[in-house]
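Adding 623 to a residue's 1-based position in the sequence shown gives its number in my numbering. For each residue, glycine too, the CB sits at the ideal point set by N, CA and C. These numbers come from a predicted model, not from an experiment. Beneath this line is the structure, given in structure tokens, with notes to follow.
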Amino acid sequence: MSTYKVLGLMSGTSLDGLDIAYCHIWEKDGKWNFSIKETAEIDYADNMMEYLKNAIHLSEEDHAQLHKDYGIWLGQQCRLFIDELGEEVDFIASHGHTSHHRPEDGVTFQLGDGQFLANISGKQVVCDFRSKDVSLKGQGAPLVPIGDKLLFHEYDFCLNLGGISNISFEKDGERIAYDIGLANMPLNYITHKMGLAYDEDGKLARSGILDASLLQQLNNLEYYRLPYPKSTGYEWFTSKIIPLIEASKISNEDLLHTFIHHNCEQIAIAAQKHKNKGNSKSNLLATGGGALNKFFMDTLQDKLGSAFEVIVPDKTLIAYKEALVFALMGVLRLEGKTNVLKSVTGAIKDSCSGEVFFPKEG
624 MSTYKVLGLM SGTSLDGLDI AYCHIWEKDG KWNFSIKETA EIDYADNMME YLKNAIHLSE
684 EDHAQLHKDY GIWLGQQCRL FIDELGEEVD FIASHGHTSH HRPEDGVTFQ LGDGQFLANI
744 SGKQVVCDFR SKDVSLKGQG APLVPIGDKL LFHEYDFCLN LGGISNISFE KDGERIAYDI
804 GLANMPLNYI THKMGLAYDE DGKLARSGIL DASLLQQLNN LEYYRLPYPK STGYEWFTSK
864 IIPLIEASKI SNEDLLHTFI HHNCEQIAIA AQKHKNKGNS KSNLLATGGG ALNKFFMDTL
924 QDKLGSAFEV IVPDKTLIAY KEALVFALMG VLRLEGKTNV LKSVTGAIKD SCSGEVFFPK
984 EG
């Protein structure tokens with residue numbers, strides 16, 4: 624039994640920083656196991672955040688430069704982390720930061736050049752986990768469900784609340800998952816206008832009141848009527864959601880309150896639709912930044928009702944589950960095993976995805 628010692632890196636659409644998780648991952652008796660040993664969350668400097676947020680609008684030349692610069696920055700952060708850690712690291716598995724995601728056009732791009740990351744960190748790197756699936760006519764997302772299947776199979780549903788919300792569950796012996804819609808992206812957009820990084824515990828949202836008109840506009844968005852497999856990203860948010868926020872005349876507190884109700888209604892619709900009718904009660908594991916928002920979790924439990932139990936794990940797993948899963952995906956890639964599921968993405972076949980880079984001198 625060999626134990627892989629991996630740095631998992633994750634930067635999500637909510638732009639709340641780089642997550643680094645130093646994980647031990649091993650397989651025993653046909654089951655995968657993990658331990659998250661050390662973690663770090665590194666905030667983006669204002670200029671880096673602006674570059675990443677606006678990457679979708681950059682020229683091809685400037686986008687290529689950002690890809691390189693961000694890869695160098697990732698390598699520097701990993702080097703500092705490894706030096707302070709003082710432990711052996713076998714390799715780095717990096718999600719990168721998504722700048723473009725239009726799978727219907729065969730396009731997905733994750734910033735953070737793997738070669739520069741490897742050169743600066745001095746470690747082998749596995750990255751670019753989405754492109755192969757998109758080339759196989761898949762959505763290239765969500766990717767975390769392979770971790771749900773292999774590491775968190777005891778839960779009926781796994782819900783991730785990053786910038787967007789996605790859900791994962793077993794159906795007829797297959798893992799099914801898709802992006803439900805919104806989570807933290809609109810909440811962070813609103814709080815940033817208030818000069819705040821986020822709404823701690825959802826206190827501002829809790830103080831607001833529901834705006835029925837905005838709620839109806841959000842619930843009527845076409846994306847929610849699309850069948851799965853489906854995924855969404857920053858393009859949808861900028862084209863469909865920001866205009867609704869900017870056109871609204873209600874207070875920021877009311878906006879936050881209404882968006883959380885909207886998020887939870889759509890999550891509840893998805894979970895209730897796929898609930899195993901044979902189970903009197905289903906459990907739902909909630910992770911990602913949204914799980915730290917108490918008002919979000921209280922509202923979600925209320926919308927789901929007594930037939931569901933929302934389980935919020937410890938803060939380390941909440942914050943670093945995605946980084947952990949990318950570490951697992953890196954392990955699976957190096958072992959030549961499936962790490963992207965066609966039942967999730969809609970691709971023509973399962974795949975072993977990820978590009979591998981080795982450090983080069985000079």
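Fill in: Three-state secondary structure (DSSP) of D925
The three-state reading of DSSP puts D925 in helix, counting H, G and I together.
Fill in: Three-state secondary structure (DSSP) of C975
Looking at C975 - three-state DSSP - the assignment turns out to be coil, as it is neither helix nor strand.
Worksheet item: Hey, out of G640, Q840, E777 and E858, whose CA is closest to Q889's CA?
Response: The shortest Cα separation from Q889 among G640, Q840, E777 and E858 belongs to Q840.
Worksheet item: On the three-state DSSP scale, how would you describe A716?
Response: A716 sits in a strand when the DSSP states are folded into three classes.
Worksheet entry | Residue ranges of each alpha helix (DSSP H) within the stretch 893-944, 4 or longer | As far as the stretch 893-944 is concerned, its whole alpha helix (DSSP H) runs of at least 4 residues are 917-927.
Discussion item. Can you confirm whether the stretch 727-745 touches the stretch 656-668 when touching is taken to mean that 3 or more C-beta pairs between the two stretches lie within less than 8 angstroms?
Written reply: With the cut-off at 8 angstroms, the stretch 656-668 and the stretch 727-745 do not touch.
Practice prompt. Could you tell me the boundaries of the alpha helix (DSSP H) in which V748 lies?
Written response: V748 -> not in any alpha helix (DSSP H); beta strand (DSSP E) instead, spanning Q747 to C750.
Worksheet entry | Which listed residue (H776, P982, V954 and G818) has its alpha carbon closest to that of G631 | G631 has its Cα closest to that of V954, out of H776, P982, V954 and G818.
Item to complete: May I ask you to verify whether the stretch 902-915 touches the stretch 778-797, counting CB pairs closer than 8 angstroms and requiring at least 3?
Response: The stretch 902-915 makes contact with the stretch 778-797; the number of CB pairs closer than 8 angstroms reaches 3 or more.
Fill in: Bounding residues of the alpha helix (DSSP H) (the contiguous stretch that carries R848)
DSSP places R848 in no alpha helix (DSSP H); its state is neither H nor E.
Fill in: Assigned secondary structure, D756 (DSSP; H/G/I helix, E/B strand, else coil)
DSSP, read as helix, strand or coil, puts D756 in helix.
Worksheet item: Looking only at C-alpha atoms, which of I813, I803, E984 and S976 sits nearest to G763?
Response: The shortest C-alpha to C-alpha distance from G763 to any of I813, I803, E984 and S976 is the one to S976.
Worksheet entry | Buried/exposed call for A893, threshold 16 Cβ in 10 Å | Answer is buried; the Cβ neighbour count reaches 16.
Worksheet item: For the alpha helix (DSSP H) that G737 lies in, which residues bound it at each end?
Response: G737 to S744 is the extent of the alpha helix (DSSP H) around G737.
Worksheet item: Taking Cβ to Cβ, would you say Y821 is nearer than 8 angstroms to I868?
Response: No, the pair does not count as a contact, with Cβ atoms beyond the cut-off.
Worksheet entry | Reduced DSSP secondary structure (H/G/I, E/B, other) of S874 | Three-state result, S874: coil.
Practice prompt. Please state if the CB of M633 and the CB of H723 are separated by a distance shorter than 8 angstroms.
Written response: No, the pair does not count as a contact, with Cβ atoms beyond the cut-off.
Worksheet item: Looking only at its own chain, which residues have a Cβ that is under 6 angstroms from the Cβ of S905, when we skip the five neighbours before and after it?
Response: The beta carbon of S905 lies closer than 6 angstroms to those of D779, K898 and F931 in the same chain, with the five residues before and after it left out.
Worksheet item: Can the beta-carbon of S929 be found less than 8 angstroms from the beta-carbon of R798?
Response: No, these two residues do not count as a Cβ contact at 8 angstroms.
Discussion item. Can you give me the C-alpha to C-alpha distance between S791 and P768, rounded to a whole angstrom?
Written reply: Cα atoms of S791 and P768: separation of roughly 6 angstroms, rounded to the nearest angstrom.
Fill in: Inter-residue Cα distance where the pair is L927 and G796
Distance from the CA atom of L927 to the CA atom of G796, rounded to whole angstroms, is 24 angstroms.
Worksheet item: Should the stretch 660-673 be called in touch with the stretch 745-754, which here means at least 3 C-beta pairs below 8 angstroms?
Response: Segments in contact, no.
Fill in: Under the three-state DSSP convention, the category L811 falls into
The sequence shown places Asn at residue 811, rather than the Leu named in the question. Correct three-state label for N811: helix.
Fill in: Paired residues, beta bridge with R725 - DSSP
Per DSSP, V730.
Worksheet item: At which residues does the beta strand (DSSP E) containing E650 begin and terminate?
Response: From DSSP, the beta strand (DSSP E) with E650 extends over L641 to K651.
Worksheet entry | Option nearest I715 by Cα separation, candidates D973, G959, F949 and K972 | Of D973, G959, F949 and K972, the residue nearest in Cα terms is F949.
Worksheet item: Does DSSP put M817 in a helix, a strand or coil?
Response: Judged by DSSP in its simplified three-state form, M817 adopts coil rather than helix or strand.
Discussion item. Among H815, L951 and Q733, whose alpha-carbon lies nearest the alpha-carbon of T626?
Written reply: Check the Cα spacing between T626 and each of H815, L951 and Q733: the tightest is with L951.
Fill in: Collapsed DSSP secondary structure at G804 in the structure displayed
Of the three classes helix, strand and coil, the one that applies to G804 here is strand, per DSSP.
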